[in-house]
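2 protein chains.
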Amino acid sequence: MSFEPDAARTAYEGRLIGLTVERWGDHEREIVEHPGAVAIVAVDDAGSVTLVRQLREPARKRLLELPAGTAEPGEEPLETARRELQEECGLTGGVWRELAAFWTTPGFCRERMHLFSVEGVERGEACPAADEELELVRWSVTEIAARLHEIEDAKTLAGLLLYLRTLPERTGPG
Amino acid sequence: MSFEPDAARTAYEGRLIGLTVERWGDHEREIVEHPGAVAIVAVDDAGSVTLVRQLREPARKRLLELPAGTAEPGEEPLETARRELQEECGLTGGVWRELAAFWTTPGFCRERMHLFSVEGVERGEACPAADEELELVRWSVTEIAARLHEIEDAKTLAGLLLYLRTLPERTGPG
Numbered sequence: 051m052s053f054e055p056d057a058a059r060t061a062y063e064g065r066l067i068g069l070t071v072e073r074w075g076d077h078e079r080e081i082v083e084h085p086g087a088v089a090i091v092a093v094d095d096a097g098s099v100t101l102v103r104q105l106r107e108p109a110r111k112r113l114l115e116l117p118a119g120t121a122e123p124g125e126e127p128l129e130t131a132r133r134e135l136q137e138e139c140g141l142t143g144g145v146w147r148e149l150a151a152f153w154t155t156p157g158f159c160r161e162r163m164h165l166f167s168v169e170g171v172e173r174g175e176a177c178p179a180a181d182e183e184l185e186l187v188r189w190s191v192t193e194i195a196a197r198l199h200e201i202e203d204a205k206t207l208a209g210l211l212l213y214l215r216t217l218p219e220r221t222g223p224g
Numbered sequence: 051m052s053f054e055p056d057a058a059r060t061a062y063e064g065r066l067i068g069l070t071v072e073r074w075g076d077h078e079r080e081i082v083e084h085p086g087a088v089a090i091v092a093v094d095d096a097g098s099v100t101l102v103r104q105l106r107e108p109a110r111k112r113l114l115e116l117p118a119g120t121a122e123p124g125e126e127p128l129e130t131a132r133r134e135l136q137e138e139c140g141l142t143g144g145v146w147r148e149l150a151a152f153w154t155t156p157g158f159c160r161e162r163m164h165l166f167s168v169e170g171v172e173r174g175e176a177c178p179a180a181d182e183e184l185e186l187v188r189w190s191v192t193e194i195a196a197r198l199h200e201i202e203d204a205k206t207l208a209g210l211l212l213y214l215r216t217l218p219e220r221t222g223p224g
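In order, the protein sequence lines correspond to chains A and B. Under this note's numbering, the residues of the first sequence are numbered 51 to 224, in order. Under this note's numbering, the residues of the second sequence are numbered 51 to 224, in order.
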């Protein structure tokens, strides 16, 4: 079953996001428009997962996250994921699998995220966007469980936890 | 280490959220302002976790989620969590524990979320806000693992997965 608003007006149109005020029956909802996104748990043959550390301006600090990115117009989620992984981390190839798809903040934002894992990626040269200053961080898959407390990002927590469940044997404590 | 923008202007001020355009060096960032939020994995003595199903207007559908809510001014996260759990679900008491704290979408939004678990809650009467139409759904803790694919919300995935890791024995497959 799908639902639609009775009326909608654009309150702000930005570069990445916009804001729409929708009327639903007797109440209004402020909704952040977003083109959708992907995040990737990328593991190489040495058993390392690649994370990125970067300044997140809304958080006022550098955060450690899964490689991720926003969909370009007309792009399928898997295309976005392959493109972002190569641009941000220089990683290509591998065997892909969709772990989940979810809304990141369904109370107020239309961002839907597809979460992938890819095993057996090959390392090459990254070419991040001009305004991205990324530090690549590698964790052994076997240390993920013990280091989850270092993660302060929702998609990264969900992604690493879902990925751990796909492994034949549990790794690490907990 | 903390970082601050060089300049900021308010582009939109709404009821729940606002939008600020910040200048950081040579680039601008559009940032959704948000007061912060909580989500709760609430388990009763019968071993049931309470979820809520409600229309999420940005998703155009009803979603199954952890009980959650937005901080009131001056409220500590645990206060928000106790209040929301009683209002939305009529659940009180129990032994509380903070499972994690994270940014929900740190690329463009200042929402920081605290995730709690509470064991041994008691059922009473819920009193949701006037514009909330909530259906309470109970899952046995033992069926969470097998039903994760029904979840399409990031905080609920992360919360249930983190909660499962706190249990002395794994429940369900996978």
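Idealized CB from N, CA, C, for every residue including glycine. Bear in mind that the values here come from a model prediction, so they are computed numbers and not experimental data.
For C159/B, the chain A residues whose Cβ falls inside 8 Å of its Cβ are V82, P108, T155, C159, in order along the chain.
In the DSSP annotation of this structure, the continuous segment of the beta strand (DSSP E) that includes L69/A starts and ends at 68-74. Here the alpha carbon of T70/A sits roughly 27 Å from the alpha carbon of T130/B. DSSP places A131/A inside the alpha helix (DSSP H), whose first and last residues are 127-139. As computed with DSSP, A57/B is found in a beta bridge with R73/B. Counting the other CB atoms within 10 Å of its CB gives R132/B a total of 16 or more, which places it among the buried residues. With fewer than 16 other Cβ atoms inside 10 Å of its own Cβ, D56/A counts as exposed. For I201/B, there is no enclosing beta strand (DSSP E), as DSSP marks it with neither H nor E. If the five residues before and after A151/B are omitted, its C-beta is found closer than 6 Å to the C-beta atoms of H164, all from its own chain and listed in chain order. Look at the beta carbons and you see the stretch 131-145 of chain B not touching the stretch 94-110 of chain A: under three pairs across the two are nearer than 8 Å. Around the Cβ of E161/A, a 10 Å sphere holds 16 or more other Cβ atoms; the residue is buried. G157/B is not a Cβ neighbour of E80/A, given a cutoff of 7 Å.
The C-beta separation of L186/B from F166/B comes to about 18 Å, leaving the pair out of contact by the 8 Å criterion.
The Cβ atoms of P108/A and C159/B lie closer than 7 Å to each other.
In chain A, no part has a C-beta under 9 Å from the C-beta of E129/B; the shortest such distance is about 19 Å.
Look at G209/B: its C-beta is not under 7 Å from any C-beta on chain A.
For F158/A, no beta strand (DSSP E) segment is defined, and its DSSP state is neither H nor E. DSSP places T100/A inside the beta strand (DSSP E), whose first and last residues are 98-106. Residue pairing by DSSP places E169/A opposite V93/A, V145/A in a beta bridge.
For S52/B, the nearest CB of chain A lies under 7 Å from its own CB, placing it at the interface with that chain. In the structure shown, the three-state DSSP call for R215/A is helix. Contacts with chain A at 7 Å (Cβ-Cβ) do not include I90/B.
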